[in-house]
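Pasting the structure below:
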């Protein structure tokens, strides 16, 4: 079988699995779980085979695979069903396939009794297929199809627990905010096609290299707006923390391998388009810097364990966009691959912890003794993942984060002619500050979740084997993927991704400082925990993990008054942030700003339009109907049905007409 045929099957198999799962979900429920797991597993295997065939046997890659067939004549710019697979596309496809398979296996235990599991599994497979289509697509319009399918899948999956108001609101918010970015994104794609005369990615890159673009800054900024929405970058990041109202496996899939990774991947694929405008790269760098620092501060203040990880994802995506802003797509994609492994592990581990603790509140977990003993698999694997997140050597996150900092350093010192030095300094300074904050919130999460002091954690039963097995599978790349730094560089078209002494010392140093300072704050504040018992609401001991999550989510706000934080004086994050804590917990009130600037004006305009429609337009319509009705009523009074009356009226009318005629003839 040719490599092209195998590549076509990679996104096709999950799509067929989704279709079959939807069709057989009710008639043959026994096939649902195999149809959920086997297609993404087969896609991951085929993606690995494609990657192996792309290897040239000497540590590098062959020429990219390009294959296309025209879908339909458009009369102007043609649209092709095209493949374009180079080294980093092959690696990203493996990531998507592996994480999706792990999520599906995990979900068989996590949602074992969920009546909507068939539709859930089918949507996860469709989600996977859409992301693989984005990765392998060689045509921007076909890529857009996968891009939009992911948007609608996220709407349904985030709203899986539609009985809860949090899930309904979160799914709608995720859909609307990402669509807000998709409008300028679509305009940018059209403008790019007009400038280059093609939607083919290879044609676009060739046109940029040979003739340049007529409007590079406008096109790049329009595309960046779409990327900000899809990859949750400032200021369109607000949907991602709220999306934690969906099932934990969905959060793992969105954060690790699909949806938010699509925007970073898109910029990496078309980096020369963005590099054609220094202004666009500067905007991208500033956006990345604000995203990194702001999200890290917000993560340090969150009480919901999944919201901590959500803000963490936003910050790590900021690292990736920062690498792209300084013109190094190799560092960006390397961090994308590394982050995908340990962030999927963190979310899936969080699902195990929520089930064991009966709550998603870190404040409540900090008052439970022995939680780590209840979930030893989650404890050890999440410790590995948190060390990778904090970028402690030799874990995967250290190498990929250092690659970003090295790229920023080269640009800041004028050693790169792709991006302005201002972009380099912006990303470098923000990256180091974020490294400090990342280690701080990672340490805080670990201490509050696993070093709690108080009554023994309730026994909610042992987690299914499928859930714990997946954690160890993902722990391997979280620990060892960074060791492939020397082998993976040629696949990402990078000269070198190895860390340098300067950035390693700075990055690791600030991370250690962040962790140690947080530990010191925790030892100071933890004594206050006994004085302030927290009202954790534990789920039913016999409940499945998904039901425990739903109960934990719906009980957090009634127990603590806020979905994001808890009034916990024993929280080291509260001590470290000081007066900034309530603002960071609220995401720096960006949602409130949007309500004032956009929501209320739109609602006011809608109310004005409704008033004009009902009181002005409808008045004329009702007036026309009322006049006709009155006339009909008057005419109806003359219709008595009495023939003598009709003859009398006819005679009287005839007499009146005769008299009028005589008067006219007489000249009166």
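Numbering (the working numbering), first residue to last: 4 to 671.
Note that beta-carbon positions come from the ideal geometry of N, C-alpha and C, so glycine has one too.
Considering only their Cβ atoms, is the gap separating residue j from residue i smaller than 9 Å?
i	j	result
residue 121	residue 19	no
residue 351	residue 255	yes
residue 195	residue 295	no
residue 568	residue 588	yes
residue 346	residue 240	no
residue 250	residue 128	no
residue 329	residue 426	yes
residue 460	residue 304	no
residue 3	residue 337	Within the shown structure, residues of the chain are numbered from 4 to 671, placing residue 3 beyond reach of any answer.
residue 149	residue 185	no
residue 411	residue 430	yes
residue 288	residue 422	yes
residue 146	residue 136	yes
residue 612	residue 506	no
residue 169	residue 566	yes
residue 191	residue 216	no
residue 7	residue 68	yes
residue 156	residue 188	no
residue 343	residue 495	no
residue 485	residue 393	no
residue 269	residue 230	yes
residue 219	residue 132	no
residue 11	residue 86	yes
Buried or exposed: where does residue i fall if 16 or more other Cβ atoms within 10 Å of its Cβ makes it buried?
i	result
residue 400	buried
residue 529	buried
residue 418	exposed
residue 657	exposed
residue 96	buried
residue 73	exposed
residue 66	exposed
residue 653	exposed
residue 465	exposed
residue 649	exposed
residue 623	exposed
residue 619	exposed
residue 645	exposed
residue 504	exposed
residue 199	buried
residue 323	buried
residue 625	exposed
residue 165	exposed
residue 621	exposed
residue 639	exposed
residue 75	exposed
residue 57	buried
residue 598	exposed
residue 91	buried
residue 471	buried
residue 380	buried
residue 4	exposed
According to DSSP, which residues form a beta bridge with residue i?
i	result
residue 458	371
residue 678	No answer is possible for residue 678: the residues shown for the chain start at 4 and end at 671.
residue 217	None; residue 217 has no bridge partner.
residue 140	86
residue 185	According to DSSP, which records beta bridges pairwise, residue 185 is partnered with nothing at all.
residue 307	364
residue 203	142
Compute the minimum distance between the beta carbon of residue i and the heavy atoms of the ligand MG, and state whether it is under 8 Å.
i	result
residue 624	The ligand MG is not among the ligands present in this structure, which contains no ligands whatsoever.
Alpha helix (DSSP H) runs wholly inside the stretch 55-126, at least 4 long, in chain order: Those alpha helix (DSSP H) runs which fall completely within the stretch 55-126 and span 4+ residues are 90-113.
Is the stretch 99-108 touching the stretch 43-52, taking contact as three or more C-beta pairs under 8 Å? Yes, since at least three Cβ pairs between the stretch 99-108 and the stretch 43-52 fall closer than 8 Å, the two stretches touch.
Three Cβ pairs or more, each shorter than 8 Å: is that satisfied between the stretch 154-162 and the stretch 174-187? Flag = yes, the stretch 154-162 and the stretch 174-187 touch.
Are the stretch 272-281 and the stretch 305-325 touching, with three or more C-beta to C-beta distances below 8 Å? Output reads no: the stretch 305-325 does not touch the stretch 272-281.
Counting only runs that start and end within the stretch 598-647, where is the alpha helix (DSSP H) found for 4 or more residues in a row? 603-614, 621-641
Report yes or no: do the stretch 285-293 and the stretch 353-373 share at least 3 C-beta pairs separated by less than 8 Å? no
Between the stretch 68-83 and the stretch 503-517, do three or more beta carbon pairs fall short of 8 Å? no
Contact between the stretch 570-579 and the stretch 376-387: three or more CB pairs below 8 Å? no
Which residue spans inside the stretch 399-447 form an unbroken alpha helix (DSSP H) run of at least 4? 399-415
Run through the stretch 293-355 for me and flag every whole alpha helix (DSSP H) of 4 or more residues, listed as ranges in chain order. 308-328
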